Every structure is written in structure tokens, then in C-alpha cells.
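> Residue numbers (the numbering used here): 36 to 197.
Backbone N, C-alpha and C fix where the C-beta goes; we use that ideal spot for every residue, glycine too.
Everything numeric in this text was worked out from a predicted model, so none of it was measured.
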């Protein structure tokens with residue numbers, strides 16, 4: 036996809052890509068972990084993007100769903116630098132819960148694709164289940180799925196009203 040941006044007729048033009056995917060992992064289930072979860076992934080390619088643009092994009096995303104108590108922590112990802120983990124404060128659990136990961140693609144990843152020197156790429160992967168836990172003050176992630184799911188809570192959620 037990034038290679039296609041660099042080689043498109045007329046040269047580079049800014050782009051935004053988004054997807055919602057299911058992620059599988061080999062972990063035991065507990066109050067904050069599932070073996071399968073949903074993730075919102077995003078990528079923006081534009082000229083002169085900064086870490087501030089990445090943080091602002093993530094803050095805006097969560098503010099729009101009512102989550103404003105966020106914390107960013109430096110992290111390591113092999114393809115991005117700087118990289119950050121994103122945490123949201125869960126008031127009932129009284130702890131910070133990881134809700135995403137993000138970073139800026141390393142220049143050594145972008146240059147071989149032929150992108151111009153001033154093009155930067157910001158990217159993120161944000162959980163859907165854990166922010167839902169924070170927003171609706173759910174203490175156990177297993178309450179969102181299966182026989183323990185509270186359907187009355189789901190039906191009453193503003194996003195489900197048509």
C-alpha cells in the first residue's frame with residue numbers, strides 16, 4: 036500500500052487508511068483479556084507529520100466516545116519510532132488499562148518504498164473492548180460476550196439507537 040503511494044501517477048498524495056479487524060492471541064481469558072478482540076487500525080501518510088499529530092488523532096478518537104483520561108507511554112515496535120502504548124483510566128478498576136499501541140514509521144522503512152523525504156506515516160491499533168469497559172464501567176471483559184453479556188446494557192447504549 037505504501038509502495039503504491041510512492042509510485043502512483045502524478046507522485047505522492049496524502050492518504051488515510053482505516054480498518055476494523057479481529058485479532059487472535061494465544062492467551063488465557065481473564066477480566067481484561069480475551070482470546071479474540073477487535074481492533075481499529077489506522078494509518079495516515081502525509082508530509083511533515085509529527086508525534087503531536089499522532090497523539091492528537093488518538094485523543095480525538097477517544098474524546099469522541101467520551102474517554103478523556105488518557106496516558107501515553109514510550110514503547111518498542113520494530114517498524115515505528117517513536118512508539119507509544121496508550122492507556123485509559125478505568126474508574127471502577129482504579130487502574131490504567133492498555134487500550135492501544137501506536138507509532139511513526141521509521142524513515143528506513145519508508146525510503147526503500149520511494150516515498151519523498153518529507154513524508155511521514157503515523158499508525159495505530161486501538162482496542163474496542165477495553166475502551167467499552169471504561170466507557171460503560173464494566174469490570175470484567177467477559178460481560179461483553181457470550182452468555183454473560185448484558186443485553187439490556189447493549190440495547191440502551193446510544194450507539195444502538197436508531
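1. First and last residue of the beta strand (DSSP E) that includes residue 157?
2. Report yes or no: do the segment 146-162 and the segment 116-136 share at least 3 C-beta pairs separated by less than 8 angstroms?
3. How far does the alpha helix (DSSP H) with residue 144 in it reach, from first residue to last?
4. Apart from the five residues just before and just after residue 92, which ones in its own chain have a Cβ nearer than 8 angstroms to its Cβ?
5. Which residues does DSSP list as the beta-bridge partners of residue 119?
6. Would you mind listing the alpha helix (DSSP H) stretches within the segment 53-91 that are 4+ residues and don't spill past its ends, in chain order?
7. So is residue 58 buried or exposed if we call it buried at 16+ other beta carbons inside 10 Å?
8. Buried or exposed: which applies to residue 42, given that a residue is buried once 16 or more other Cβ atoms fall within 10 Å of its Cβ?
9. For a quick check, are the C-beta atoms of residue 148 and residue 38 less than 7 angstroms apart?
10. Does the beta-carbon of residue 99 have 16 or more other beta-carbons within 10 angstroms, so that it is buried, or is it exposed?
11. Whole angstroms is fine: what's the gap from residue 103's alpha carbon to residue 179's?
12. By alpha-carbon positions, which one of 127, 152, 123 ends up nearest to residue 26?
13. Taking just the CA atoms, how far does residue 142 sit from residue 152?
14. Tell me residue 51's beta-bridge partners as DSSP assigns them.
15. Reducing DSSP to helix, strand and coil, say where residue 132 ends up.
16. Strictly by DSSP, which residues pair up with residue 124?
By the coordinates alone:
1. Reading the chain shown from its first residue, position 122 is the one you call residue 157. Counting along the chain, the beta strand (DSSP E) containing residue 157 begins and ends at 154-162.
2. yes
3. Locating residue 144 in the chain shown gives position 109, where the first residue counts as 1. Residue 144 -> alpha helix (DSSP H) spans 142-145.
4. Residue numbering aside, residue 92 sits at position 57 when the chain shown is read from its first letter. The answer, listed in chain order, is 77, 79, 157, 159.
5. Walking along the chain shown from the start, residue 119 turns up at place 84. Residue pairing from DSSP places residue 119 in a beta bridge opposite 109, 137.
6. none
7. Walking along the chain shown from the start, residue 58 turns up at place 23. It counts as exposed.
8. Locating residue 42 in the chain shown gives position 7, counting from the first residue. Counting Cβ neighbours within 10 Å, residue 42 comes out exposed, since fewer than 16 surround it.
9. Translated into positions along the chain shown, residue 148 becomes position 113. Translated into positions along the chain shown, residue 38 becomes position 3. Residue 148 places its beta carbon less than 7 angstroms from that of residue 38.
10. In the chain shown, residue 99 corresponds to position 64, counting from 1. Per the 10 Å Cβ criterion, exposed.
11. As a working note, residue 103 is residue 68 in the chain shown. As a working note, residue 179 is residue 144 in the chain shown. Using only the alpha carbons, I get a separation of about 22 angstroms.
12. Outside the modelled stretch of the chain, which goes from 36 to 197, sits residue 26, for which no answer is possible.
13. Numbered from its first residue, the chain shown carries residue 152 at position 117. Numbered from its first residue, the chain shown carries residue 142 at position 107. For residue 152 and residue 142, the distance between alpha carbons rounds to 8 angstroms.
14. Numbered from its first residue, the chain shown carries residue 51 at position 16. Under the DSSP definition of a beta bridge, residue 51 partners with 79.
15. Position 97 of the chain shown, counted from the first residue, corresponds to residue 132. Note: residue 132 maps to strand in three-state DSSP.
16. Counting from one through the chain shown, the residue named residue 124 turns up at place 89. DSSP output for residue 124 lists 131 as bridge partner(s).
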